[in-house]
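Each remark here refers to the structure printed beneath this line.
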Amino acid sequence: MLTTSAFLALAMQCAPSIHPATLTPIVKTESSFNPYAIGVVGKVLPRQPQSLDEAVLAVKKLVAEGADFSIGLGQINRQHFDVNRPEPVFEPCTNLRMAATVLEQCYARASAQEPNRQAALHKAISCYYSGNPKRGFKAEAEFGGSSHVQRVLANAGTTTVTVPALEGGSPEPNKLQRAQAPASTVDPTYESWDVLRQFPRYLPPAPPPASAPSAPSAPSAPSAPSAVPASPPEQPSTLPKEDQ
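First residue of the sequence shown: 1, per my numbering; consecutive thereafter.
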């Protein structure tokens with residue numbers, strides 16, 4: 001049994017043409033992420049295989065019975081592989097590649113007639129499940145009256161996304177680009193135990209040495225008398241007015 005995270009890593013590597021948000025609920029509905037799952041039309045196995053040996057043995061019995069069955073993560077129907085050599089189809093990556101091929105073909109046919117992408121995808125899921133675009137919408141009593149498409153859609157809503165998907169495009173200048181810190185002008189120091197010098201320490205630069213106090217300035221010499229004396233303030237005249 002694969003965890004969801006392990007399946008997602010596998011899906012992105014082996015079936016990159018199918019969006020993980022589409023392939024994950026399909027596979028969860030088909031096999032519950034069991035690489036050795038076997039689904040039989042009109043019959044329920046008493047126990048699902050948990051190993052490759054169990055799965056191969058079950059396939060041999062079903063082939064002898066002439067049963068219609070599907071195997072692996074994506075429940076690949078027997079018409080798509082050699083039933084006498086089922087081992088490669090139980091390999092998770094091979095199975096997902098085959099599942100992607102079938103789903104791509106179903107979606108191409110559905111989208112050619114249905115312009116709405118989601119409606120076309122629902123028909124493709126029905127086609128993937130039953131071989132036609134309508135059968136997967138019919139209610140099934142063994143599944144509580146739900147249709148296969150309804151079950152896939154229900155599983156598509158079980159994951160809560162807390163961080164949205166990144167959309168492509170050029171980042172806005174000065175917003176998404178990390179500002180580069182100015183190069184440090186301080187040489188690093190290392191602790192005595194850091195022999196490989198993996199943990200540099202940058203101490204703040206030492207403050208500049210304090211300058212010596214300046215000597216008191218010598219008293220300035222008296223200025224020399226000017227060659228042209230300043231004009232004295234005007235004195236009131238002492239002469240009688242008539243003599244002026």
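Glycine is no exception: its CB is placed at the ideal position from the N, C-alpha and C atoms.
Could you give the distance in angstroms between the alpha-carbon of residue i and the alpha-carbon of residue j?
i      : j      : result
Gln50  : Pro88  : 16 Å
Gly74  : Lys134 : 20 Å
Phe90  : Gln13  : 17 Å
Glu54  : Met98  : 22 Å
Thr4   : Ala112 : 32 Å
Asn248 : Arg201 : Outside the shown range of the chain (1 to 244) lies residue 248, about which nothing can therefore be said.
Tyr107 : Arg47  : 33 Å
Ala141 : Ile38  : 20 Å
Thr94  : Asn116 : 31 Å
Gly145 : Gly136 : 12 Å
Leu176 : Asp68  : Residue placement at Leu176 cannot be trusted, given a pLDDT of 48 that sits under 50; the coordinates are not used to answer.
Ala64  : Leu52  : 19 Å
Lys43  : Ser70  : 12 Å
Pro20  : Gly157 : 13 Å
Asn34  : Val59  : 15 Å
Ala269 : Ser130 : Any property of residue 269 remains undetermined from this structure, which presents the chain solely from 1 to 244.
Val186 : Arg197 : 16 Å
Gly72  : Ser192 : 58 Å
Ser147 : Leu166 : 33 Å
Asp82  : Leu45  : 21 Å
When burial is assigned at 16 or more other CB atoms within 10 Å of the CB, is residue i buried or exposed?
i      : result
Lys28  : buried
Ser126 : buried
His80  : exposed
Pro92  : buried
Arg151 : buried
Leu10  : buried
Glu30  : buried
Gly168 : exposed
Gly66  : exposed
Leu62  : buried
Ala15  : buried
Ala119 : exposed
Ala110 : buried
Figure out for me which residue from the options has the closest Cα to the Cα of residue i.
i      : options                           : result
Leu57  : Asp68, Arg85 and Asn34            : Arg85
Met1   : Leu10, Tyr36 and Pro16            : Tyr36
Ser17  : Gln79, Cys93, Val40 and Ala100    : Ala100
Pro25  : Glu167, Ala64 and Leu121          : Leu121
Ser32  : Ala6, Glu104, Gln105 and Glu114   : Ala6
Leu8   : Lys60, Val59, Leu96 and Ser70     : Leu96
Leu23  : Phe69, Ser147, Leu153 and Asn132  : Leu153
Val149 : Glu65, Lys123 and Leu62           : Lys123
Asn77  : Glu104, Gln105 and Val41          : Val41
Glu104 : Gln118, Gly168, Tyr128 and Asp82  : Tyr128
Asn132 : Gln118, Phe143, Val102 and Gly157 : Val102
Could you tell me which residues DSSP puts in a beta bridge with residue i?
i      : result
Ser51  : For Ser51, which the question treats as bridged, DSSP gives no partner whatsoever.
Glu140 : Ser146
Arg201 : Thr189
Q. Can you list the alpha helix (DSSP H) stretches of 4 or more residues lying completely in the segment 14-100, in chain order?
A. Taking only runs of at least 4 residues, the alpha helix (DSSP H) segments lying wholly in the segment 14-100 are 20-31, 52-65 and 87-90.
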